[in-house]
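Step one of this worksheet: look at the structure below.
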Amino acid sequence: SFGRGSYYVIVEEKNGEIDPLIRVIANPYFSSHGEPGQIPSFLKEQGIEVIIAGGMGPRAVGFFNQFGIKAVTGATGKVKEAVDSFLEGELESSKPCH
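FYI, full-length UniProt numbering numbers position 89 of the sequence shown as 89, with every residue one higher than the one before it.
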């Protein structure tokens, strides 16, 4: 799951293209379960606007939305493939359950 990963790969898009300069940041909550909303808050502090993941529960999607981060699910393969799929409109934002 996205919250259990030991790190996040930060990719920037410029003019519809992937910037070749990427960042990798450690997940400070990797070894703990943490509190709900900690990861979205942390990623917002990093300037993240979109998170792309293979899957994510509706509660997590809701937390990301609260922090103004678009949660996109259904990604597979390598990071570049997932980002390309998103940029090409092949992945959609997830909606939280009400």
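Positions of the beta carbon are idealized from the N, C-alpha and C atoms, including for glycine. All values reported here derive from a predicted model rather than from experimental measurement.
**Prompt:** Can you tell me whether DSSP reads Lys14 as helix, strand or coil?
**Reply:** strand
**Request:** Measuring alpha carbon to alpha carbon, tell me which of Glu49, Gly5, Gly89 ends up nearest Phe30.
**Result:** Gly5
**Item:** Cβ neighbours of Gly16 in the same chain (closer than 8 Å, five flanking residues each side left out)
**Value:** Leu87
**Item:** Distance between Lys78 and Glu45 (C-alpha atoms, nearest Å)
**Value:** 25 Å
**Asked** Below 9 Å between beta carbons: does that hold for Val72 and Ile48?
**Response** no
**Item:** Selected residue, minimal CA-CA separation from Gln66, among Glu12, Val50, Asp84
**Value:** Val50
**Asked** Helix, strand or coil: which one does DSSP assign to Ile39?
**Response** helix
**Request:** Please name the residue, chosen from Ser93, Phe64, Ile22, that lies closest to Tyr7 on a Cα-to-Cα basis.
**Result:** Ile22
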